[in-house]
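If you count by the working numbering, then the sequence shown holds residues 8 to 140, one letter each, in order. Down below is the structure, laid out as structure tokens.
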Amino acid sequence: MNETSQAVPATRGQGVAINLLDKIGLIDGHWQQRVVAEMNDYQFKVVKIEGDFMWHAHADTDETFIVLEGELRIDFRDGFVLLRAGEMAVVPKGVEHKPCAAAEVKMLLVEPRGVVNTGGQKNDRTAPNEIWI
Ligand code: NI
Numbered sequence: 008m009n010e011t012s013q014a015v016p017a018t019r020g021q022g023v024a025i026n027l028l029d030k031i032g033l034i035d036g037h038w039q040q041r042v043v044a045e046m047n048d049y050q051f052k053v054v055k056i057e058g059d060f061m062w063h064a065h066a067d068t069d070e071t072f073i074v075l076e077g078e079l080r081i082d083f084r085d086g087f088v089l090l091r092a093g094e095m096a097v098v099p100k101g102v103e104h105k106p107c108a109a110a111e112v113k114m115l116l117v118e119p120r121g122v123v124n125t126g127g128q129k130n131d132r133t134a135p136n137e138i139w140i
């Protein structure tokens, strides 16, 4: 365990340079999102993933994926989008989606504080929120 997660820092990650890949390097497992900074009510979360997630939707908010390393496929019920490093996509509010990573993907999520990764469901894929790194 090399992770040093902590409660919300007083600075909320502001006013400093944040190296996203360095932060991801501190995370032990896949699908464990960690907050690195806040902008107003929005959070920047880093995560590394591998394999398929589950279908879900976020009833109250859009969700932004920015890929830093690897190739992310986001499935929709009527198609998919493929994102490579340096590419991003915004999933609209209420749209069902399923992130898939055939090999490890490192990415940055941008979404309002408090968004649950599994959307309207809580299950064994639901990751704790509000863990800073
Ligand atoms: Ni989502």
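Beta carbons: idealized from backbone N, C-alpha and C, even for Gly.
Identity of the residues DSSP links to residue i by a beta bridge
| i | result |
| --- | --- |
| lysine 55 | Lys113 |
| valine 42 | Lys52 and Trp139 |
| leucine 79 | Leu90 |
| histidine 63 | His104 |
Collapsed DSSP secondary structure at residue i in the structure displayed
| i | result |
| --- | --- |
| isoleucine 73 | strand |
| leucine 27 | helix |
| histidine 37 | coil |
| valine 15 | coil |
| methionine 8 | Note that methionine 8 scores a pLDDT of 45, beneath 50, so its modelled location is shaky; the value from the coordinates is reported in the next line. Coil at methionine 8, not helix or strand. |
Heavy atom of the ligand NI within 7 Å of residue i beta-carbon
| i | result |
| --- | --- |
| histidine 104 | yes |
| histidine 65 | yes |
| glutamate 137 | no |
| valine 98 | yes |
| glycine 121 | no |
| glycine 127 | no |
Residue ranges of each beta strand (DSSP E) within the region 85-128, 3 or longer: Complete beta strand (DSSP E) runs here, min 3: 86-91, 95-98 and 104-119.
Is it true that the region 31-41 meets the region 84-99, where meeting means three or more beta-carbon pairs spaced less than 8 Å apart? Output reads no: the region 84-99 does not touch the region 31-41.
Could you say if the region 62-76 and the region 14-25 meet the contact criterion of at least three C-beta pairs nearer than 8 Å? no
Mind the definition here: the region 40-50 touches the region 60-68 only if three or more C-beta pairs lie below 8 Å; say whether that holds. no
Count the CB pairs spanning the region 93-110 and the region 49-64 that are closer than 8 Å, and state whether there are at least three. yes
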